[in-house]
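Novice:
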Amino acid sequence: MLYPANARADDCSKMSTSACLFSLRPRAGTFFILLFALAGTGAFTQAAPFWQAARLSEAPVLDGRLDDAAWEGVRPLTGFLQADPAPGSPPTEVTEVYVGFFGDTLYFAIRAFDSEPARIVATQQRHDAPLEDDDHIAIVLDTFSGRRNGYRFEVNALGARRDSLIEYGQLAQPDWDTPWEAVALIDNHGWTVEIALPLRGISFPEGVGEWGFNIERFLARANERSRWTNHNRVQPISNLAGTGRLTGIEAQRSGIGIEFKPYASLTTTRNRGQSATTRFKPGFDLFYKINSATTLVLTVNTDFADAEVDERQVNLTRFPVFFPEKRPFFLEDSNIFAFGGINRSPLPYFSRRIGIAPDGQPIDLLGGLKLTGRAGPVNYGLLNVVTKADRAFERENLAVARVEVNILEESSFGFIGTHGDPRAGESNQLAGLDFKYRTSTLPNDGVFEGFLWVQHSETSDRDRNGRAFGYEWEYWSRDWTAYSFWEQIEADYFPALGFVRQTGIWQGNIRVDRIFRPEKLRRVQPRLLVTTRRNLARSQREFLGFGPEVVIEAHSGDSILLRVRREEERLFAPFRVGQNTQVLPGEFAGFLFESTLATARTRPLSGSLTLRRKQYYGGHTETYAPSVVWRPSSMFNFEAGGEWNRVRLGYAQTRVNLIKFGGNVQFSPTLIWSNLAQYDNISESIGFNSRLRWTYASGSDIFLVLNQGIDTSDDSWSFTRTEVSAKVGARYAF
13 MLYPANARAD DCSKMSTSAC LFSLRPRAGT FFILLFALAG TGAFTQAAPF WQAARLSEAP
73 VLDGRLDDAA WEGVRPLTGF LQADPAPGSP PTEVTEVYVG FFGDTLYFAI RAFDSEPARI
133 VATQQRHDAP LEDDDHIAIV LDTFSGRRNG YRFEVNALGA RRDSLIEYGQ LAQPDWDTPW
193 EAVALIDNHG WTVEIALPLR GISFPEGVGE WGFNIERFLA RANERSRWTN HNRVQPISNL
253 AGTGRLTGIE AQRSGIGIEF KPYASLTTTR NRGQSATTRF KPGFDLFYKI NSATTLVLTV
313 NTDFADAEVD ERQVNLTRFP VFFPEKRPFF LEDSNIFAFG GINRSPLPYF SRRIGIAPDG
373 QPIDLLGGLK LTGRAGPVNY GLLNVVTKAD RAFERENLAV ARVEVNILEE SSFGFIGTHG
433 DPRAGESNQL AGLDFKYRTS TLPNDGVFEG FLWVQHSETS DRDRNGRAFG YEWEYWSRDW
493 TAYSFWEQIE ADYFPALGFV RQTGIWQGNI RVDRIFRPEK LRRVQPRLLV TTRRNLARSQ
553 REFLGFGPEV VIEAHSGDSI LLRVRREEER LFAPFRVGQN TQVLPGEFAG FLFESTLATA
613 RTRPLSGSLT LRRKQYYGGH TETYAPSVVW RPSSMFNFEA GGEWNRVRLG YAQTRVNLIK
673 FGGNVQFSPT LIWSNLAQYD NISESIGFNS RLRWTYASGS DIFLVLNQGI DTSDDSWSFT
733 RTEVSAKVGA RYAF
């Protein structure tokens, strides 16, 4: 079945950052315990390099020219070495970094020398656009020096910015925003950028002048990464255990720590056959920095008219689909609420359960209050939101609490609790405990990370309470990676404010990779994967999958994936897929064959093609999924793709197709016009979203948004729903 963008949430529930799952019952946990016991002796720890930030005599003028009097006499940080493709070798081009502070702002000035400036890859200007394919700089700050949570700031040669929260020691979550500025210029010597980072937008301990710090430069045409420290190609720049030390920070808090962000939106909606309705909605967000480590946020009459539209997804399973959070209020300090290393299921807290109905339509929020902060080794977050009564939904008070205590060098122990049920007339409570162990000091540049967790839910309309518990661990080094998880989810487990893909099961998997780096290739990475799932009520195995795959990547960044997998599955109840095709129960077995060819996205024209054939409940599916990215200039970016699925059963057949086309017109980093059109043959409709964003001042935006639904089921297309919104927001700091 194809789920449009307003559907409920899914996927391969426990996908780690780079893997497909693994595990065989709890026995794989013994390996977790063994590695846990061997890991963190600290014998391989090396002294971290340090760099002193300069106290500037005045605030630099942000124009990208590096000729301000403020930078006179400031010594540049140099000595970058490659992390990839030749760790520890001198980089192709030289990089100089100037770091200073003035008042409550941290400044960076960077000169990225380039002997061939005409070959600089710079295609993005949109804020939060993926910059990994452009020449760019990435800065990482671990303000609490805890190696657990931090910040990542990226900027390319056109001044496009991307900011991310770092959680679990290295996982970057890019859907977070804070006010900061960057101006870049390309000249005959390469490119330069000046960055101003107001410290009121991040958390840090009072009076401590030493932070974790690292900086990376990506040279796109050579697919080369060079860094100040941590020259380890298997660890990303966001790995906080590999940071050096930024010392001498004496930033001062200015004002009383309040940011007031009022906004107002005007939305006109017209459904087919009905007259148009117009709604004016004012509201505000109030941020109060109680101290440099604690933030209180109040939102009143919250409006999400400016939130990006969801992308439709193909789903040929019987499980719900998962859509990521995109609303700014819930993304603020969202890493505080991360639990157990769980990315998707079973999540005890999933913010999209608040303010969004199961059919994807918004439910108004009367207001919300969020407190996040750190006190010594303790990280904490409290969230309370009140939803407005709407249609079949009563007014609800929904709450989440999270506390995490840092222990050892990189580990932690935590608690999470939720209260409330968005469904009308029901009550639900959930409590969970989790333990994380991590060490980045193993031989061969090895890192080990493991989680143990348990959850318990109570629901008013269920006779029994429900539990879920499990573990997850991952090890990676220069030559090997291994991953495993196992979890048991009881039938009555119900996270009303979370997300679960399936209950009444235990499941797990194990995956092992070997990495080879021949001279003529960037890497050859074979993998062996085994995954299994068992139905608890029937005491029978539901699924078993195992087989090899390999990724081959050239130095240019072009790659190919080849995958073969044997799959055995029992289906106990029918479900529908496609246009009302019913899949019947039974026992099935067969093979999956898949190949994906992808070209490097550093080129102006790039793309990928996936071909897949797999057994499907006694029949098979054939999938053809192409994508094309065209970036003819820094002003225009276009992307098109789709997925064509043909489902063949012995008694029926159907097609599930999805087509997407997106295009951005980037007038400047502060004025972007984004467009996305999506079509699927299940709803027989086109969804079109057009969004113009003008950032007229730091933290202040004007949005013009058009959402248009088009019914294509008849020969003559017709408009089903037209929604036009205008939203104005401002930011005032006190």
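In the working numbering, the protein residues as written are 13 to 746. Cβ atoms here follow ideal geometry from the backbone N, Cα and C, with glycine treated the same way. From a predicted model like this one, the values you see are computed outputs, not experimental measurements.
#1: Count the other C-beta atoms from every protein chain shown that fall within 10 angstroms of the C-beta of Q286, then say buried if there are 16 or more, exposed otherwise.
#2: First and last residue of the alpha helix (DSSP H) that includes P336?
#3: Specify the secondary structure class of A150 as computed by DSSP and reduced to three states.
#4: So if DSSP puts N637 in a beta bridge, which residue, or which two residues, is it bridged to?
#5: Answer with buried or exposed for E1, where buried requires no fewer than 16 other C-beta atoms within 10 angstroms of its C-beta.
#6: Name the one or two DSSP bridge partners that W498 has.
#7: Does the beta-carbon distance from I227 to A95 come in below 9 Å?
#8: For F230, which of helix, strand or coil comes out of DSSP?
#9: Measure the alpha-carbon distance for V412 versus Y300 and round it to whole angstroms.
#10: Cβ atoms of V397 and L383: under 9 Å apart, would you say?
#11: Between which two residues does the beta strand (DSSP E) harbouring I714 extend?
#12: Express the C-alpha separation of Y275 and S712 in angstroms, rounding to a whole number.
#13: DSSP three-state call for R164: helix, strand or coil?
#14: Could you give the distance in angstroms between the alpha-carbon of D475 and the alpha-carbon of G432?
#15: Compare the Cα-Cα distances from R282 to each of V740, G721 and R743 and report the closest residue.
#16: Would F600 pass as a contact of R578 if the rule is Cβ separation under 9 Å?
#17: Considering only the alpha carbon of each residue, which of D154, G482 and L573 lies closest to E422?
#18: State the CB to CB distance for the pair P4 and A317, rounded to an integer number of angstroms; the pair is presumed to be in contact (CB under 8 Å).
#19: Using only alpha-carbon positions, find the residue among N303, R123 and R160 that is nearest to N167.
#20: Alpha carbon to alpha carbon, how far is Q594 from L556?
#21: Cutting at 6 Å between CB atoms, please list the residues of its own chain near V562, excluding the five before and the five after it.
#22: Since I believe L359 is in contact with G510 (beta carbons under 8 Å), could you give me their beta-carbon distance rounded to a whole number of angstroms?
#23: Alpha carbon to alpha carbon, how far is L50 from P61?
#24: Under a three-way DSSP split, which group does A82 fall into?
#25: Taking the straight line between their C-alpha atoms, what separation do you get for A709 and S452?
#26: What residue does the beta strand (DSSP E) around A413 start on, and which one ends it?
#27: Do three or more CB pairs link the stretch 94-112 to the stretch 138-148 at distances below 8 Å?
#28: If you scan the stretch 207-262 from start to end, which runs of the beta strand (DSSP E) of 3 or more residues do you find wholly inside it?
#29: Report yes or no: do the stretch 314-331 and the stretch 165-179 share at least 3 C-beta pairs separated by less than 8 Å?
#30: Starting from the Cα of F506, find the closest Cα among A480, E499 and W492 and give me that residue.
#31: Would you mind giving the Cβ-Cβ distance between V309 and D297, rounded to the nearest angstrom? I have them listed as a contact below 8 Å.
#32: Figure out for me which residue from I302, R324, K293 and V326 has the closest Cα to the Cα of D315.
#33: Pick helix, strand or coil for F605, following the three-state DSSP scheme.
#34: Are the Cβ atoms of L596 and Y629 separated by less than 9 Å?
#35: So for P129, helix, strand or coil by DSSP?
#36: Thinking Y119 and L68 are a contact (beta carbons under 8 Å), I'd like their distance in whole angstroms, please.
Specialist: If we stick to the structure as given:
#1: Counting from one through the sequence shown, the residue named residue 286 turns up at place 274. Exposed: under 16 other Cβ atoms inside 10 Å.
#2: Here the question's residue 336 lines up with position 324 in the sequence shown. Careful: P336 lies outside any alpha helix (DSSP H) and carries neither H nor E.
#3: Locating residue 150 in the sequence shown gives position 138, where the first residue counts as 1. Note: A150 maps to strand in three-state DSSP.
#4: Taking the first residue of the sequence shown as 1, we reach residue 637 at position 625. It is worth fixing the name first, because residue 637 is Ala in this sequence and not Asn. For A637, which the question treats as bridged, DSSP gives the partners T622.
#5: With the chain represented from 13 up to 746, any question about residue 1 goes unanswered, as that position is not in the structure.
#6: The residue given as residue 498 occupies position 486 in the sequence shown. Paired residues: Y483 and G520.
#7: Stepping through the sequence shown from its first residue, residue 227 is reached at position 215. Stepping through the sequence shown from its first residue, residue 95 is reached at position 83. Result no, Cβ atoms of I227 and A95 do not sit closer than 9 Å.
#8: Counting from 1 along the sequence shown, the entry for residue 230 is found at position 218. F230: strand per DSSP, three-state reduction.
#9: On the sequence shown, position 400 is the one that residue 412 refers to. On the sequence shown, position 288 is the one that residue 300 refers to. Those two C-alpha atoms are separated by around 20 Å.
#10: Here residue 383 refers to the residue found at position 371 when the sequence shown is read from its first residue. Here residue 397 refers to the residue found at position 385 when the sequence shown is read from its first residue. Their beta carbons are not under 9 Å apart, which means L383 does not touch V397 by this criterion.
#11: Looking up residue 714 in the sequence shown gives position 702. It spans S712 to D723 - the beta strand (DSSP E) in which I714 sits, taken as one unbroken run.
#12: Reading the sequence shown from its first residue, position 700 is the one you call residue 712. Reading the sequence shown from its first residue, position 263 is the one you call residue 275. Cα to Cα, the separation comes out at about 9 Å.
#13: Sequence index remark: in the sequence shown, residue 164 carries index 152 (1-based). Strand, per DSSP.
#14: Looking up residue 475 in the sequence shown gives position 463. Looking up residue 432 in the sequence shown gives position 420. Taking the straight line joining both Cα atoms gives about 17 Å.
#15: The count along the sequence shown starts at 1 and reaches residue 282 at position 270. The candidate whose alpha carbon is nearest that of R282 is G721.
#16: Here residue 600 corresponds to residue number 588 of the sequence shown, with the count starting at 1. Here residue 578 corresponds to residue number 566 of the sequence shown, with the count starting at 1. Result no, Cβ atoms of F600 and R578 do not sit closer than 9 Å.
#17: Counted from its first residue, the sequence shown places residue 422 at position 410. Checked all of D154, G482 and L573; the closest Cα to E422 is D154.
#18: Because the chain in this structure spans residues 13 to 746, residue 4 falls outside the shown range and cannot be described.
#19: Sequence index remark: in the sequence shown, residue 167 carries index 155 (1-based). Residue identity check: residue 167 is Val in the sequence provided, not Asn. Ranking the options by Cα distance to V167, first place goes to R123.
#20: Translated into positions along the sequence shown, residue 594 becomes position 582. Translated into positions along the sequence shown, residue 556 becomes position 544. Approximately 23 Å, taken between the alpha carbons.
#21: Start at 1 with the first residue of the sequence shown, and residue 562 comes out as number 550. Hits under 6 Å: P538 and L574.
#22: On the sequence shown, residue 510 is found 498 positions in, with the first residue counted as 1. On the sequence shown, residue 359 is found 347 positions in, with the first residue counted as 1. Rounded, the Cβ-Cβ distance is 4 Å, consistent with contact.
#23: For the purposes of this step, residue 50 is taken as the residue at position 38 of the sequence shown. For the purposes of this step, residue 61 is taken as the residue at position 49 of the sequence shown. Below a pLDDT of 50, predicted positions are generally treated as unreliable, and L50, at 44, falls in that range; the measurement from the model is reported next regardless. Answer to the nearest angstrom: the Cα atoms are 27 Å apart.
#24: As a first step, residue 82 must be located in the sequence shown, where it is residue number 70. Of the three classes helix, strand and coil, the one that applies to A82 here is helix, per DSSP.
#25: Residue 709 sits at position 697 when you count from the first residue of the sequence shown. Residue 452 sits at position 440 when you count from the first residue of the sequence shown. Taking the straight line joining both Cα atoms gives about 41 Å.
#26: Mapped onto the sequence shown, residue 413 falls at position 401. Counting along the chain, the beta strand (DSSP E) containing A413 begins and ends at E408 to I419.
#27: no
#28: 223-231, 236-239 and 256-259
#29: no
#30: Reading the sequence shown from its first residue, position 494 is the one you call residue 506. The candidate whose alpha carbon is nearest that of F506 is A480.
#31: As a first step, residue 309 must be located in the sequence shown, where it is residue number 297. As a first step, residue 297 must be located in the sequence shown, where it is residue number 285. Contact flag correct, Cβ pair sits at about 6 Å.
#32: What you label residue 315 is simply residue 303 of the sequence shown in a count that begins at 1. Out of I302, R324, K293 and V326, K293 has the C-alpha closest to the C-alpha of D315.
#33: Against the sequence shown, residue 605 aligns to sequence position 593. Three-state result, F605: strand.
#34: For the purposes of this step, residue 596 is taken as the residue at position 584 of the sequence shown. For the purposes of this step, residue 629 is taken as the residue at position 617 of the sequence shown. In this structure, Y629 lies closer than 9 Å to L596 by Cβ.
#35: On the sequence shown, residue 129 is found 117 positions in, with the first residue counted as 1. The answer is helix: DSSP assigns P129 an H, G or I state.
#36: The residue given as residue 119 occupies position 107 in the sequence shown. The residue given as residue 68 occupies position 56 in the sequence shown. About 7 Å separates the two Cβ atoms, so the contact holds.
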